[in-house]
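Same order as they appear, the protein sequences are chains A and B. Heads up: the first sequence begins at 1 in the numbering used here, then just goes up one per residue. Heads up: the second sequence begins at 1001 in the numbering used here, then just goes up one per residue.
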Amino acid sequence: MKKGFLSVLLIFTLSAYANVEIKSESFQEKIINKQNTWVKAARVIPGTKVRYINTISNNGADTAENLVITNPVPNHMRYVEGSAKCSGACIITYSLNGKFFDMPAKLFMIENGQKRVAKATEYKAIRWVVQTLGAKQNSSVQFDATLE
Amino acid sequence: MKKILVIASMMLLGFSGAYAVGTVAGTQVQNSVTLNYTVGGIGQTAINANDGAGFLVDDKVDFTVANNDGAQITVTPGSTGQITNWTLANTGNAAQFFKLAATNLTGGEIVYGNADTADTSTPYTITYSTDGGTTYNPYTPGTAFSVAIGASVLIRVAADIPLSVTNGQVMNIQLEATAAVDAGGTTLTATSGPDNIGSVDIVLAEGTGITTQGNTPFDGKFSAWGGYIVQSAALAVTKTSCVISDPVNGTTNPKRIPGAVLRYQIQVANTGTSGATSVTVADAIPTEFGTSAANLDVRSAVCPAISSGVCGAKTGTVETNAGTTGAGTSSVTLDYAAVAAGDTNCGYIEVTIQ
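Right, dumping it as structure tokens:
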């Protein structure tokens, strides 16, 4: 009887999982047939705006919770103000050092001895917090950055 | 990849630091993202992902050419090696070869407010400096030289000025730089077709320069205009005469009869904008005067008008007449030496009618 109970418990534990994956892609804007289209980032020169899209997929059977996506702004790139978004509900915060994240109004820099609100181009990382991602569901977060 | 190797191996020239050029061509830019999450309140293993290898920054070929003179260079007819000054700046994100071509403008183009009205002699002699003007290297037409990222070179274009140009004429010229593949001067072209994410493509991104000379945006060429303006002496010679005396009337209302003494006044007026030097006037004495030429001199600045053929007193300061020769002969040379801009100098010869 005891052995049978353990078997049931083990089956129950194994079935409670969320097979979450994340995929990162980079795109750039291109005019094709007079239409602005986002294509795979490849011909990138200083000044080119690149859009980074991170797609999260929950292939498991259970809901994933408190999904925290942290994306350092790539080297040589400058974050474009207001470009961070998510496909559903999320909270977006930013960091000047990759460690401490907060809202833009609470990020400060010291310049010539004076404290000022940090510019978006000074952000070093972006963080999205998505409360839940249901089983078999997808979601995405994105931001734009310009090559220095 | 070939482009990267070329960039790494070629000699980099130019004085540095003047221009922000952005991320260097060939740099790999990769995005990395981390996902943390929980399931049923239990933290799961963090997941990392990136956008593959990211991308390689392509070669943004960008540069400018400018004339530094601020106005046409003042030249005199017949002068040689007259220099105009230019700057070629590499504002792209890779070291870049450039070749140069200087040409005459021929269509009345207006540069610094002055329309083109004449041409310099050609070909031009071009030199360039990579050390801020300390030394200039000869440029061989058709070849190319490399300019480092963010650097610029000073360029001199030297032209000979035709003797035939006149005061106030304008000779405008164009200097065009063309991006090249290598020192051999092969013209650089943009990478065509779809981008290859794993290679450094060529993107021509320079502006138009002087569009009226055929440069279009992003054609790998950039040009600028400068030029020369002629500042020279403009001399005019006027010869008049009066009667000093005759054997019958003496100096009272003398007439031009045999034995009469005449005075020739030869004015040299300089209406140009530059002084003239080594000015001489040769005058062949007519046979009717024999070898009577006498009292030769040249006087500066003041040329009293001769009216009614009556001679007044000669005025003005006598110039040094070391080169004035021919008294007592049939061939006279008057030496005016220097005639300043705006001045009129007078030479005098007295002769007797045979």
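C-beta atoms are modelled at their ideal positions from N, C-alpha and C, and glycine is treated no differently. Treat the numbers as computed from the prediction; the structure is a model and nothing was measured.
Measure the alpha-carbon distance for residue i versus residue j and round it to whole angstroms.
| i | j | result |
| --- | --- | --- |
| I1202/B | Q1169/B | 43 Å |
| L153/A | T1189/B | The requested residue 153/A does not occur in the structure, where chain A is confined to residues 1 to 148. |
| N1068/B | T1084/B | 8 Å |
| A1260/B | A1233/B | 37 Å |
| N36/A | K30/A | 6 Å |
| T13/A | G60/A | Because the pLDDT at T13/A is just 42, under 50, the model does not fix this residue reliably, and the point stays unresolved. |
| M1001/B | T1191/B | Residue placement at M1001/B is poorly supported in this model, since its pLDDT is 31, which falls under 50; the coordinates still yield a value, given next. Whole-angstrom Cα-Cα distance: 13 Å. |
| K1221/B | C1303/B | 58 Å |
| T132/A | E25/A | 22 Å |
| Y1124/B | E1319/B | 42 Å |
| V20/A | A1151/B | 50 Å |
| Q1044/B | T63/A | 12 Å |
| R116/A | M109/A | 5 Å |
| P1217/B | I1149/B | 21 Å |
| A1158/B | Q1082/B | 5 Å |
Please classify residue i: is it buried, with 16 or more other beta-carbons within 10 angstroms of its beta-carbon, or exposed?
| i | result |
| --- | --- |
| K100/A | The sequence shown places Phe at residue 100/A, not Lys. Exposed is the call here. |
| I1257/B | exposed |
| N1093/B | buried |
| M1171/B | buried |
| S1331/B | exposed |
| S1307/B | exposed |
| K1239/B | exposed |
| V1031/B | The question names Val, but residue 1031/B in the sequence shown is Asn. Looking at its Cβ environment, which holds 16 or more other Cβ atoms inside 10 Å, N1031/B is buried. |
| E148/A | buried |
| K1099/B | buried |
| L1163/B | exposed |
| P1141/B | exposed |
| A89/A | exposed |
| V39/A | exposed |
| R1156/B | buried |
| Q142/A | buried |
Could you list which residues in chain B have their beta carbon closer than 8 Å to that of residue i, in chain order?
| i | result |
| --- | --- |
| P46/A | V1021, G1022, T1023, V1057, K1060 and N1093 |
| K40/A | I1197 |
| E122/A | The premise fails here: E122/A is roughly 17 Å from chain B at the closest Cβ pair, so nothing lies under 8 Å. |
Kindly give me the distance between the Cβ atoms of residue i and residue j, rounded to whole angstroms, as I take these residues to be in contact under 8 Å.
| i | j | result |
| --- | --- | --- |
| M77/A | V1029/B | 6 Å |
| L1204/B | W1086/B | That pair is no contact at about 21 Å. |
| A1144/B | A1180/B | 4 Å |
| N71/A | I126/A | 5 Å |
| D1335/B | V1298/B | 6 Å |
| N1137/B | T1120/B | Not a contact, Cβ separation roughly 22 Å. |
| D1195/B | A18/A | D1195/B to A18/A, Cβ: 37 Å. No contact. |
| I1173/B | G1226/B | 6 Å |
What in chain B is Cβ-close to residue i, meaning under 9 Å?
| i | result |
| --- | --- |
| Y52/A | N1031, V1033 and D1051 |
Identify the contact partners of residue i in chain B, using a Cβ-Cβ distance below 7 Å as the criterion.
| i | result |
| --- | --- |
| R116/A | Result: empty, since nearest Cβ-Cβ is about 23 Å, beyond 7 Å. |
| E111/A | Those within 7 Å of E111/A in chain B number zero; the least Cβ separation is about 19 Å. |
At a cut-off of 6 Å, is residue i close to the ligand FAD when judged by its beta-carbon and the heavy atoms of the ligand?
| i | result |
| --- | --- |
| S140/A | Among the ligands in the structure shown, none appear at all, so the ligand FAD cannot be discussed. |
Applying a beta-carbon distance threshold of less than 8 Å, which residues of chain A neighbour residue i?
| i | result |
| --- | --- |
| Y1037/B | A18, V20, A64, E65, N66, L67, V68 and L133 |
| D1219/B | Within chain A, no residue comes near D1219/B; the closest Cβ sits about 17 Å away, beyond 8 Å. |
task: With 9 Å as the limit, tell me which residues of the stretch 17-35 of chain A have their beta carbon closer than that to any beta carbon of chain B; keep them in chain order.
output: Cβ proximity to chain B below 9 Å picks out Y17, A18, V20, E21, I22, K23, S24, E25, S26 and Q28 from the stretch 17-35 of chain A.
message: Please list, in chain order, the residues of the stretch 54-75 of chain A that have any C-beta partner in chain B closer than 8 Å.
response: For the stretch 54-75 of chain A, residues whose beta-carbon sits nearer than 8 Å to a beta-carbon of chain B comprise N54, I56, G60, D62, T63, A64, E65, N66, L67, V68, I69, T70, N71, P72, P74 and N75.
- prompt: Name the residues in the stretch 75-107 of chain A whose C-beta lies less than 8 Å from a C-beta of chain B; which are they?
  reply: If you check each beta-carbon in the stretch 75-107 of chain A against every beta-carbon of chain B, the ones closer than 8 Å belong to N75, H76 and M77.
- prompt: the stretch 1081-1110 of chain B: which residues have C-beta closer than 9 Å to a C-beta of chain A, in chain order?
  reply: Close to chain A, meaning a Cβ-Cβ distance shorter than 9 Å, are the following residues of the stretch 1081-1110 of chain B: G1092 and N1093.
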